[in-house]
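Structural data, given as structure tokens:
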């Protein structure tokens, strides 16, 4: 790689996940958060070569287009509620289990809440119980199934099967 910025891009460039597939979901979970890019002061920016400056601008574009989730009071509150719902799911299989629905106006972080909570749950579950079930099957703690507003039972089942 040419410089520290191109190395960062090589390790942390735009990621292409199809989270609606098992392979894509597992890749998303394994990827983890991006490390922050190298800090460049105004003085050091002026000393960058053209090549370094171009790579640095690409780094900034990737970083700014994919910010990590901010642990706001609202995000923490949503995670607390999801924790309560998940804690209540330690019931026998013949009992109803709770579920959660995240509903809000567009662009308020519903998908961010769901994917980051689910990623943490997925990784914690695999760490606690291992990657295989007692009968040797692959453990899949989370299935990410994106839904449209017009979802039907048939289309939901098709999406689950295609995962």
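In the UniProt record's numbering, the protein residues as written are 1 to 163.
Each residue gets a CB set at the ideal place from its N, CA and C atoms; glycine is no exception.
What is the rounded straight-line gap between the Cα of residue i and the Cα of residue j?
i	j	result
residue 17	residue 8	19 Å
residue 57	residue 36	14 Å
residue 15	residue 47	30 Å
residue 106	residue 144	19 Å
residue 73	residue 84	16 Å
residue 165	residue 119	Residue 165 is absent from the model: the chain starts at 1 and stops at 163.
residue 29	residue 130	15 Å
residue 39	residue 71	22 Å
residue 41	residue 122	38 Å
residue 150	residue 49	53 Å
residue 127	residue 153	33 Å
residue 137	residue 92	21 Å
residue 134	residue 161	22 Å
residue 43	residue 64	21 Å
residue 139	residue 26	11 Å
Is it the case that the Cβ atoms of residue i and residue j are separated by a distance below 7 Å?
i	j	result
residue 117	residue 147	no
residue 102	residue 114	yes
residue 6	residue 80	no
residue 62	residue 24	no
residue 95	residue 89	no
DSSP has residue i in a bridge; who is on the other side?
i	result
residue 132	138
Among residues of its own chain, excluding the 5 on either side of residue i, which ones have a beta-carbon nearer than 6 Å to its beta-carbon?
i	result
residue 78	113
residue 68	33
residue 104	110
Within the same chain, show all residues whose beta-carbon is closer than 8 Å to that of residue i, passing over the 5 residues directly before and after it, in chain order.
i	result
residue 51	2 and 3
residue 124	none
Please work out which residues of its chain come closer than 7 Å, Cβ to Cβ, to residue i, disregarding the five sequence neighbours upstream and downstream, and give them in chain order.
i	result
residue 163	20, 21, 22, 143 and 145
### Query
What runs of the alpha helix (DSSP H), each 4 residues or longer, lie entirely inside the segment 50-134?
Those alpha helix (DSSP H) runs which fall completely within the segment 50-134 and span 4+ residues are 50-65, 73-87 and 110-129.
### Task
Entirely within the segment 4-39 and at least 4 residues each: give me those alpha helix (DSSP H) ranges in chain order.
Correct list: 4-12 and 22-31.
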